[in-house]
Structures are given as structure tokens and as C-alpha cells.
Amino acid sequence: MMKKILSVFFLACCSCLVMAQDNVIDEIVWVVGDDAILRSDIETQRLYNQNEGVRLDGDPYCVIPEQMAIQKLYLNQAKIDSITVNENQVIQSVDQWMNMAVNQIGSREKLEEYFGKKFSQIKDERKEAMREQQVVQQMQQQLIGEIKLTPSEVRKYFSQLSQDSLPNIPTTVEVQIVTLEPKIPFEETDAIKARLRDFTEQVNSGKMEFSTLARLYSEDPGSASRGGELGFMSKTQLLPEFANVAFNLKDPKRVSQIVQTEYGYHIIQLIEKRGDRINCRHILLKPKVSDKELADATTRLDSLYNDLQANKFTFEEAATFVSYDKDTRNNKGLMVNQDYES
Numbered sequence: 003m004m005k006k007i008l009s010v011f012f013l014a015c016c017s018c019l020v021m022a023q024d025n026v027i028d029e030i031v032w033v034v035g036d037d038a039i040l041r042s043d044i045e046t047q048r049l050y051n052q053n054e055g056v057r058l059d060g061d062p063y064c065v066i067p068e069q070m071a072i073q074k075l076y077l078n079q080a081k082i083d084s085i086t087v088n089e090n091q092v093i094q095s096v097d098q099w100m101n102m103a104v105n106q107i108g109s110r111e112k113l114e115e116y117f118g119k120k121f122s123q124i125k126d127e128r129k130e131a132m133r134e135q136q137v138v139q140q141m142q143q144q145l146i147g148e149i150k151l152t153p154s155e156v157r158k159y160f161s162q163l164s165q166d167s168l169p170n171i172p173t174t175v176e177v178q179i180v181t182l183e184p185k186i187p188f189e190e191t192d193a194i195k196a197r198l199r200d201f202t203e204q205v206n207s208g209k210m211e212f213s214t215l216a217r218l219y220s221e222d223p224g225s226a227s228r229g230g231e232l233g234f235m236s237k238t239q240l241l242p243e244f245a246n247v248a249f250n251l252k253d254p255k256r257v258s259q260i261v262q263t264e265y266g267y268h269i270i271q272l273i274e275k276r277g278d279r280i281n282c283r284h285i286l287l288k289p290k291v292s293d294k295e296l297a298d299a300t301t302r303l304d305s306l307y308n309d310l311q312a313n314k315f316t317f318e319e320a321a322t323f324v325s326y327d328k329d330t331r332n333n334k335g336l337m338v339n340q341d342y343e344s
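Each residue of the sequence shown is one higher than the last, beginning at 3 in this note's numbering.
Okay, structure coming up:
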């Protein structure tokens, strides 16, 4: 069946997507079967990933279309196999996601402003995305379910191996986690952005040196003492969001726009470019979490624990729809590749 799936994959664009094209409203990036992946689809998914704190290994404009293409392979085969999902479960998943997004960002209006779309449009898009996600999961389970191994086949295979060649496998445990993060008030975020804008104005107007401000205020312990200087680095050595802005800087006298990463908020100043490497300075400010927000997060975890004890929902459901941990929430909370020696 996997050969069948791969046979429908037609790649319309092999190189990474270049998003900055003036005078282009939208464009087809890849085609998988009969389905097109649009540039706007990729940008929308990038915003969703950013809102949910999802970190990608590599340039999002390369990684996201690849992920979407693989998903459409599964969707294409699911259509052939007439796989359907429970619509009530889809609606429930969408409602939970929308409520979590509104709570995280502060209000419906701010959610609309963030995505540049009406609330109803965001909900419709998430509904389609959730439906596709559940179809893909069923397709994956069906593929895995076709693999049949009997205990006797496993024993026969290992009996043919030299005992000395078998690794010593330590005791392992299987752990599921649900992670909640304290909310950062928008007032705190706005205050940090205002400070960074003030720093930018001081540097651009010539009142202060970027390096001086970095030594005084940057919260990056590794670079603050060096005036924010990071040294020469390639694009892959930097966080994608940071690298995308830093490598597009051209004037060493000007300061970049504010950049958000998992560490906080940055402004960047170019020092020098050498081939595919760059040296730049940055100032990092981190939002502060108040004692109240920490207490609220603890209370939410206690409430979640009580609901789990009362069997109102399963741990897997809590991990999927409530947890903030991007590495485990799509795996029902299971931590992977975590070995513990006995």
C-alpha cells in the first residue's frame, strides 16, 4: 500500500519556498495527486505553529510544505480507501482548540488580529485541519495494522543471531505527561515590545550604541557581556525565526523588527556577512511570569488532576487537547526515546 501512496505524489516545486514575492497574491507551491498546496496555506500553518509554540528543525518555508505534502499523500490514499471520521469528534476538537487559543491570546478580537481573519473563518479552517488530521491518523493506523508479526517469527529471528551481537537493553519506562504553562499577560508582552522599540529608536537616531544597550539590558547571559555579539554563525545554527530576519538585514546601522522566539523577544543588528555565515548582535528581553499566573497554572493542573480522577476524560485526551508540550501532545502525551537504566 505504501507504494500505492507514493505513486500519487507529484512534486511541482523541488526547492524551498521563497515567500517574499511582490505582486503575487497567491501561488501553487506543490501538487500532490489532485490537491494543490498554496503559498497562503503554508503561511497560515506557520502562524498556527508560532501561536502553539511549535519549533521546526529548519526553515519553516521548507519544512511546512514537506509536512503538508506527506499529509496529502495520506489523505489521497484515505480517499481511495473511503476512510471517514466521526464529525462530532472533529467539532469537539475544534471547540477545544478555539477555546484554548482565545484563552492563550486574550480575546476573540486579538485572535482575529493575530491571524488577520474573522473568528468564523479561523474556526472553519481549524475544522478542516482537524478533520484531515484525524483522517491521517486513521490511515497511519491502518498501514501499521497491516504489518503482522507472530511471536514465533520474532523468536525465530532472534534465535538466528549471535548472542554476543545482541545489545544489552536497559530497563525502560513509558511516561505520559501533560504540561501547562503560566499565561503571560499581554500587558507584560506589550511593555517588553515598547522597551525594544525604544532601544531601536535610540540606536537608529544615533543616541546610543546597540552594544551598550545590550550590555545594560539584554537577558541573554551568553552574549550580553559581549555587547550582544553572537559571532559568525550559519543559518542552521540559529532559530528559524531569528535566522529569517537576521539573514535579510542589509544595513549595519539599522535595527531589525522585533523577533519572537521560544526564548523571548529580540532585536538584531547586523555586523558582517561572510558567504553563508553572519555575525550580528541582539538584545533579548524575556516576559516575566507573575506569582499569580504561576499559582493559576498550578490551580489548573490541580483541577485537571481531579477531572482525571473522576474519569471525566482520559489522560490521552488531556495530553492531546490541553497540554502545551509540543513534543508530546501529538503523541497522546507519550515521551519518546527516553531510556532509563536500571
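Glycine included, each C-beta is placed from N, C-alpha and C at the ideal position.
Just so we're clear, the structure is a prediction, and the values are computed from it rather than from any experiment.
Best match in the options for proximity to residue i [C-alpha to C-alpha]
{"i": "Pro62", "options": "Leu75, Met70, Arg48, Ala71", "result": "Arg48"}
{"i": "Ala38", "options": "Glu68, Asp59, Ile179, Gly60", "result": "Glu68"}
{"i": "Asp59", "options": "Leu240, Leu306, Tyr307", "result": "Leu240"}
{"i": "Ser42", "options": "Thr191, Val34, Ile66, Thr238", "result": "Ile66"}
{"i": "Asn88", "options": "His284, Glu54, Gln73, Met132", "result": "Met132"}
{"i": "Ile77", "options": "Arg279, Ala193, Gln142", "result": "Contrary to the premise, residue 77 reads as Leu rather than Ile in this sequence. Of the candidates Arg279, Ala193, Gln142, the one whose C-alpha sits nearest the C-alpha of Leu77 is Gln142."}
{"i": "Phe188", "options": "Glu319, Leu336, Gly335, Ser292", "result": "Ser292"}
{"i": "Arg200", "options": "Phe117, Lys252, Leu287", "result": "Reading the sequence as shown, one finds Asp at residue 200 and not Arg. Checked all of Phe117, Lys252, Leu287; the closest Cα to Asp200 is Leu287."}
{"i": "Asn84", "options": "Ser258, Val137, Leu306, Gly147", "result": "In the sequence as presented, Asn is not what sits at residue 84; that position holds Ser. Selected option, being the one with the closest Cα: Val137."}
{"i": "Lys119", "options": "Glu319, Val33, Glu45", "result": "Glu45"}
{"i": "Ala193", "options": "Ser305, Lys290, Glu54", "result": "Lys290"}
{"i": "Lys328", "options": "Ala248, Lys314, Ile179", "result": "Ile179"}
{"i": "Phe323", "options": "Met100, Val31, Ile30, Ala80", "result": "Met100"}
{"i": "Gly335", "options": "Cys282, Phe249, Glu295, Val177", "result": "Val177"}
Residues sharing a beta bridge with residue i, DSSP
{"i": "Arg1", "result": "Outside the displayed range of the chain (3 to 344) lies residue 1, so it cannot be described from this structure."}
{"i": "Met235", "result": "Ile280"}
{"i": "Gly266", "result": "Thr263"}
{"i": "Ala38", "result": "Val33"}
{"i": "Val257", "result": "Gln271"}
{"i": "Leu287", "result": "Tyr267"}
{"i": "Leu198", "result": "Answer is none; Leu198 lacks a bridge partner."}
{"i": "Gln135", "result": "DSSP, once it has assigned bridges, lists no residue as partnering Gln135."}
{"i": "Gln178", "result": "Leu336"}
Counted within 10 angstroms of its Cβ, other Cβ atoms place residue i as buried (16 or more) or exposed
{"i": "Ser236", "result": "exposed"}
{"i": "Thr330", "result": "buried"}
{"i": "Asn25", "result": "Confidence in Asn25 is poor, its pLDDT being 44 and thus under 50, which makes the residue's placement too unreliable to answer from."}
{"i": "Arg128", "result": "buried"}
{"i": "Phe160", "result": "exposed"}
{"i": "Lys74", "result": "buried"}
{"i": "Gly277", "result": "exposed"}
{"i": "Ala320", "result": "buried"}
{"i": "Ala297", "result": "exposed"}
{"i": "Asp36", "result": "exposed"}
{"i": "Asp222", "result": "buried"}
{"i": "Pro242", "result": "buried"}
{"i": "Gln23", "result": "Any reading at Gln23 needs caution, since the residue's pLDDT is 45, under 50, leaving its predicted position unreliable; the model's value is listed next. By the neighbour-count rule (16 or more Cβ atoms within 10 Å), Gln23 is not buried but exposed."}
Rounded separation between residue i and residue j - CA only
{"i": "Glu134", "j": "Arg256", "result": "44 Å"}
{"i": "Gln106", "j": "Lys185", "result": "7 Å"}
{"i": "Val92", "j": "Asp126", "result": "11 Å"}
{"i": "Phe244", "j": "Leu272", "result": "12 Å"}
{"i": "Leu198", "j": "Asn246", "result": "19 Å"}
{"i": "Gln144", "j": "Gly266", "result": "41 Å"}
{"i": "Gln204", "j": "Phe212", "result": "8 Å"}
{"i": "Leu232", "j": "Pro169", "result": "42 Å"}
{"i": "Phe317", "j": "Thr86", "result": "25 Å"}
{"i": "Asn51", "j": "Asp166", "result": "46 Å"}
{"i": "Val104", "j": "Asn332", "result": "20 Å"}
{"i": "Tyr116", "j": "Lys209", "result": "33 Å"}
{"i": "Gly108", "j": "Lys195", "result": "17 Å"}
{"i": "Ser325", "j": "Thr181", "result": "5 Å"}
Cβ-heavy atom distance, residue i to the ligand ADP, below 7 Å
{"i": "Glu114", "result": "With respect to the ligand ADP, the structure offers nothing, as it holds no ligand at all."}
Three-state secondary structure assigned by DSSP to residue i
{"i": "Leu310", "result": "helix"}
{"i": "Val26", "result": "Low local confidence applies: a pLDDT of 45 at Val26 is under 50, so the model's placement there is unreliable, with the coordinate-based value given in what follows. Three-state result, Val26: coil."}
{"i": "Leu240", "result": "coil"}
{"i": "Gln162", "result": "coil"}
{"i": "Leu336", "result": "strand"}
{"i": "Met210", "result": "coil"}
{"i": "Tyr326", "result": "coil"}
{"i": "Gly224", "result": "coil"}
{"i": "Glu295", "result": "helix"}
{"i": "Asp59", "result": "coil"}
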